[in-house]
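Counting from 71, one number per residue, gives the positions in the sequence shown under the numbering used here.
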Amino acid sequence: MQPLHSLAVQDLLHRHSPSTRHGVSEPPCTNVPSYVEQEYPAIDAALEVVEDTARFILRELYVSFRFVRYDLTVTVLPGALLTLATHMKSTSVFGATASLTPMWRSLPSSIIWMWLFVYVSNLANQIHGAEEDAINKPSRPIPSKLVTISSAHKRFVWIAAVFVLVGSCLGNGLLSLAWVADVLINDFWGPSITYLHWLIKPVFMMTGIFIMAIGNPNIVGPITGNAPTVLYMAVVSVAVGLFGFNIQDIRDVEGDRAKGDRLTLPLMIGEVPARHLCNVLLMCCWGILHSALRALNRPYNFATSMTILAWCIFLCVRTLLFRSPPQDHKTYIFFVYLYSFVLMSYLWVV
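If you want it as structure tokens, here you go:
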């Protein structure tokens, strides 16, 4: 005999369980509105759009970083240093009463403009050099399959447009257009005349350095009215761009040989003669800078010239004695530091 409380529980369950008049159980009613899912459909749609947009922006930022990460020290960093130097000597450059862009605006603007500057260049360069990068730099976005060549082409178009738009807002519209034209000539038309690549690339570098060296101070204030600054930046562009940056090709010999569509100095005259020639060009670079520093005749210019000379001699020694690809890359990085120092010297030599 079952306990009384057990029978009471069974009776309660029987009375509240869903059943038909024939004694067959029916499923419980599920026609209950879902207030959590259906009460605010517009908010759900808006949140989905925000989430997709945030995901798109974060991916594009990551892709852009993958394209530019190896060149930030030769573009964004020198540009930011040049902007800081212009602020520090703004009175002597622009006068005490000039209306200038405050540093809290000019420095982020410089970083954004230079990021787009190098992004435009690297997109075009890596589209054209995908085969070489598969040998020399397989971690780059195209060889690593992060993006396709087709999507890189699309990015180049709209990033170039954004770069010109941002440059126009910062007073660098013409300089931005000139850089896009320079990139198009170097990376899309230049390869068709392979035998002149050894000449086209230094001219490309010279133009890019001048655009960067004028554009960053111009974010602070109208720099073109200061003749000594413009002339010094022009001399730096010729010295470093035409004569110094040839050292870059020494580290990419195997990739250039495999690609076979451009004639660099090492491929044209041989690797060892190219190393000696690059050293001669480095000393020419110092000679041009030394002449400019003497003409400007400021207190610390001789010491600056001797520092540059010692740096160039150090690079020449490394070029001759350390010849493996990793060591050649380190030599190039040391040259980039020299280039940044020369730009930063604007603070005290002009």
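From the three backbone atoms N, C-alpha and C, an ideal C-beta is built for every residue, glycine too. On a predicted model such as this, the values are computed, not experimentally measured, just so you know.
Distance CB(I284)-CB(I270) smaller than 8 Å: no
Ordered list of beta strand (DSSP E) runs contained in the stretch 151-196, each at least 3 residues: none
Sub-8 Å separation of V250 and Y189 beta-carbons: no
Neighbourhood of I403 by C-beta, 8 Å cutoff - its chain only, sequence neighbours within 5 removed: T143
W259 versus T153 - alpha carbon distance: Roughly 32 Å separates the two Cα atoms.
Test item: CB-CB of V305 and I383 under 8 Å: no
Environment of R60 [buried if 16+ CB atoms lie within 10 Å]: The question about residue 60 has no answer, for the chain in this structure spans 71 to 420.
Close Cβ partners of F405 (< 7 Å) along its chain, the five nearest in sequence each way excluded: So the qualifying residues of the chain are G314, I317 and L385.
Cα-Cα separation between P272 and G311, rounded to whole angstroms: Linking P272 to G311 through their CA atoms gives a straight-line distance of about 6 Å.
Best match in S410, I289, L417 and S415 for proximity to L147 [C-alpha to C-alpha]: Of the candidates S410, I289, L417 and S415, S410 places its Cα closest to the Cα of L147.
Collapsed DSSP secondary structure at P395 in the structure displayed: helix
Assigned secondary structure, I212 (DSSP; H/G/I helix, E/B strand, else coil): coil
Reference I339; option with closest CA among V232, V323 and M353: Ranked by how close their Cα comes to the Cα of I339, the residues V232, V323 and M353 have V323 in first place.
Residue range of the alpha helix (DSSP H) that includes V361: Sequence check: residue 361 is Ser here, not Val. That run of the alpha helix (DSSP H) goes E341 to L366.
Other residues of its chain near T401: CB distance less than 8 Å, five sequence neighbours each side excluded: Taken in chain order, the residues that qualify are I317, I320, R321, L385, R388, T389 and F392.
Simplified DSSP state of T294, which is helix, strand or coil: helix
P213 vs A204 beta-carbon contact at 8 Å: yes
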